[in-house]
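Visitor: Have a look at the structure that comes next, please.
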């Protein structure tokens with residue numbers, strides 16, 4: 001019987017761009033969903049931007065625009081990044097939607113009717129300089145449990161304890177850098193202790209959680225009385241005002257998970273489906289994929305809300321660990337805090353999809369992106385093993401046909417078909433690392449077959465043309481079988497391979513039946529080796545990137561800008577808009593950079609404006625930048641500057657930069673999402 005499955009990932013916060021740590025979750029979820037769809041299950045994947053909270057309000061205020069404008073821009077950026085990484089949602093919504101507002105009211109009414117809501121005064125930290133009560137993520141200090149410094153006000157990332165911001169030692173407001181005051185205001189609370197026995201049973205029975213997560217909840221929370229959940233925030237606050245409590249707003253963690261239901265509602269409205277079939281049905285399995293830092297909300301508060309409001313409970317809450325890079329926490333100073341867009345500007349997203357899959361298992365452990373291992377593994381597994389099978393056989397039969405009957409291969413294809421069940425179980429169990437090991441084992445055997453048959457040698461003898469075709473037919477069928485098993489991880493490779501063989505790679509059962517007599521199209525390069533220069537360029541760009549990387553965290557402390565630079569170089573004479581538009585500023589990508597012999601200040605850059613249009617530019621930035629760090633970087637160039645003959649060559653434009661000169665030169669770069677050739681207005 002076909003399963004009906006609803007899948008969600010934690011909602012990305014609309015206060016920052018995606019980074020590669022976020023992608024651990026979304027790629028893990030996308031792989032699982034693609035696998036289920038390949039197996040013929042009815043599976044939909046919904047998500048949304050998490051848009052409410054004080055941090056959105058403060059950032060919009062600082063940028064001089066509305067909250068709606070801010071979250072709309074971030075939604076576009078998030079969805080573009082997701083799409084380029086091959087992450088496919090059936091619906092991607094927003095928590096700031098009417099469907100979510102309506103569902104929040106429905107859940108709230110159920111909590112009220114159940115007598116679970118209580119009002120009482122709360123003493124809270126207040127930033128007098130900014131005029132706001134401080135949300136948990138706007139306070140940093142020392143964890144009261146383990147003494148770790150620089151922890152946020154709601155939980156400790158070191159020991160995973162949760163607490164009130166009032167419990168933090170030496171608290172500081174991240175908005176102004178000042179010590180917060182203590183003030184009181186009325187708040188609304190949900191008394192989830194009355195659901196203690198239900199939560200104790202739900203978290204410890206079945207396989208709703210990984211065992212280590214169930215044990216963690218039991219040892220840290222369920223072994224004692226559950227504290228009431230503070231569910232409201234006083235004005236000013238960006239969110240939904242509570243209908244029966246004017247001047248108060250639902251806390252972001254109340255309406256964010258309800259966003260899962262609202263996104264499903266939006267999908268149902270578009271598809272002509274009924275929401276109750278997905279959220280109030282025993283026939284639907286609900287799977288949440290989340291990071292370990294938000295377990296408390298998804299395994300205690302969220303089930304309490306669902307049960308009270310009469311919605312279905314999750315079949316599974318799949319928890320994953322954090323990402324480290326080269327064995328350490330991601331760091332801006334080392335260039336390892338890598339934004340999704342920075343990665344996409346340099347490397348094939350398939351590389352990261354596969355590397356994460358090769359490291360993700362069913363247990364809640366952190367995974368490490370070892371950059372040297374990353375390069376070696378992609379080059380060895382994907383290029384040296386998988387693609388190698390096709391590249392060493394397809395060219396001998398391209399523009400021809402596979403054998404009309406499947407040749408004798410010594411049982412290789414049958415063994416691969418039988419391995420499909422074990423590989424499928426590994427995918428279903430979220431043990432992608434095991435699935436990848438099993439698939440690479442099949443690739444090793446297929447390469448061994450090619451090595452033994454040596455088609456490049458057989459091809460020299462015209463009388464052995466039939467033998468060559470049989471051998472290549474076996475190799476390409478083994479290749480197809482392997483790529484079918486890799487399709488959830490590498491959908492683009494699957495599409496390209498389907499074009500090569502003119503056959504479907506979309507269904508899991510395709511791996512069980514060999515292709516015979518089908519045409520083989522012209523072989524085209526399927527995947528390149530990882531260029532170490534591009535990996536280095538990512539690190540260099542990440543060191544200097546000024547992107548907002550907030551993830552449910554506050555906007556940084558405002559800075560005081562002195563007037564020194566303006567005094568050193570006063571403003572130029574006033575110009576008109578007509579004067580300004582004469583200068584054609586364009587986004588360009590540096591495709592090469594090199595030292596200019598005997599020039600103390602110059603680097604020679606080759607920049608691309610897109611569409612094959614390139615320019616040579618000599619830039620006086622030699623003392624500030626190493627050439628290899630510039631390759632792949634986006635810059636802003638004066639594209640219509642008259643070419644200038646120099647003794648080193650012809651300069652066909654100018655890159656824009658700031659600073660007094662020498663080693664203090666700072667190239668101007670466009671924000672995430674810009675593309676070569678776009679005009680700067």
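Numbering (this note's numbering), first residue to last: 1 to 681. For every residue, glycine included, the Cβ atom is placed at its ideal position computed from N, Cα and C. The structure displayed is predicted, hence computed values, not measured ones.
#1: Tell me, please, which residues DSSP counts as bridged to residue 289.
#2: Can you tell me whether residue 472 is helix, strand or coil according to DSSP?
#3: Rounded to whole angstroms, what's the CA-CA distance from residue 4 to residue 399? Just pull it up for me.
#4: Say yes only if the C-beta of residue 238 is nearer than 7 Å to one or more non-hydrogen atoms of the ligand PLP, and no if none qualify.
#5: Run through the region 220 to 244 for me and flag every whole beta strand (DSSP E) of 3 or more residues, listed as ranges in chain order.
#6: At 3 residues or longer, what runs of the beta strand (DSSP E) sit wholly inside the region 102 to 137?
#7: If I follow the unbroken alpha helix (DSSP H) through residue 267, where does it start and stop?
#8: Return yes when the Cβ of residue 287 is within less than 8 Å of the Cβ of residue 7, no when it is not.
#9: Does the Cβ-Cβ distance between residue 460 and residue 471 come in under 8 Å?
#10: With distances taken between CB atoms, is the gap from residue 433 to residue 494 smaller than 8 Å?
#11: Hey, quick one: how far does the alpha helix (DSSP H) through residue 645 stretch, first residue to last?
#12: For residue 529 versus residue 383, is the C-beta spacing smaller than 8 Å?
#13: Does DSSP classify residue 307 as helix, strand or coil?
#14: Looking at the strands, I want to know which residues DSSP matches up with residue 45.
#15: With H, G and I counted as helix, E and B as strand and the rest as coil, what does DSSP make of residue 330?
#16: Around the C-beta of residue 301, are 16 or more other C-beta atoms found within 10 angstroms, so that it is buried, or is it exposed?
#17: Mind checking whether residue 596 and residue 630 have CB atoms under 8 Å apart?
#18: Within this structure, are the beta carbons of residue 259 and residue 11 separated by less than 8 Å?
#19: Since residue 20 and residue 338 are thought to touch, with beta carbons under 8 Å apart, how far apart are those beta carbons, to the nearest angstrom?
#20: Taking DSSP as the reference, what is the three-state secondary structure of residue 17?
#21: Taking the straight line between their C-alpha atoms, what separation do you get for residue 373 and residue 327?
#22: Please go through the same chain and pick out, in chain order, the residues whose beta-carbon is closer than 7 Å to the beta-carbon of residue 438, but skip the five residues on each side of it.
#23: Which residue's Cα is closest to the Cα of residue 204: 196, 194, 215 and 195?
#24: Excluding the 5 residues preceding and the 5 following residue 187 in the sequence, name in chain order all residues of the same chain whose CB lies nearer than 6 Å to its CB.
#25: State the CB to CB distance for the pair residue 447 and residue 389, rounded to an integer number of angstroms; the pair is presumed to be in contact (CB under 8 Å).
#26: According to the neighbour-count rule (16 or more other Cβ atoms, all chains shown, within 10 Å of its Cβ), is residue 138 buried or exposed?
#27: Since residue 583 and residue 638 should fall inside the 8 Å C-beta cutoff, what is the C-beta to C-beta distance between them, to a whole number of angstroms?
#28: Give me the Cβ distance between residue 402 and residue 473, rounded to the nearest whole Å; I'm assuming they're in contact under 8 Å.
#29: Using the C-alpha atoms, what's the distance from residue 619 back to residue 267?
#30: Between the region 44 to 53 and the region 90 to 98, do three or more beta carbon pairs fall short of 8 Å?
#31: Would you check if the distance between the CB atom of residue 698 and the CB atom of residue 127 is smaller than 8 Å?
#32: When burial is assigned at 16 or more other CB atoms within 10 Å of the CB, is residue 349 buried or exposed?
#33: Step through the CB atoms of chain B and report whether any lies within less than 8 Å of the CB of residue 540.
#34: Can you tell me which of the three DSSP states residue 509 falls into?
#35: With residue 78 as the anchor, note down where its alpha helix (DSSP H) starts and where it stops.
#36: Where does residue 210 fall in DSSP's three states?
Guide: So, from the listed chains and residues:
#1: 9 and 318
#2: helix
#3: 42 Å
#4: Absence of the ligand PLP from the depicted structure is noted, as is the absence of any ligand whatsoever, leaving it without description.
#5: 232 to 234
#6: 117 to 127
#7: 252 to 271
#8: yes
#9: no
#10: no
#11: Careful: residue 645 lies outside any alpha helix (DSSP H), inside the beta strand (DSSP E) at 644 to 646.
#12: yes
#13: helix
#14: 7
#15: coil
#16: buried
#17: no
#18: yes
#19: 5 Å
#20: coil
#21: 12 Å
#22: 419, 422, 423 and 426
#23: 215
#24: 122, 230 and 232
#25: 6 Å
#26: buried
#27: 6 Å
#28: 4 Å
#29: 51 Å
#30: yes
#31: In the structure as shown, the chain begins at 1 and stops at 681. Residue 698 is therefore absent and cannot be evaluated.
#32: buried
#33: Annotation note: the requested chain B is absent from the structure, which comprises a single protein chain.
#34: helix
#35: 67 to 84
#36: coil
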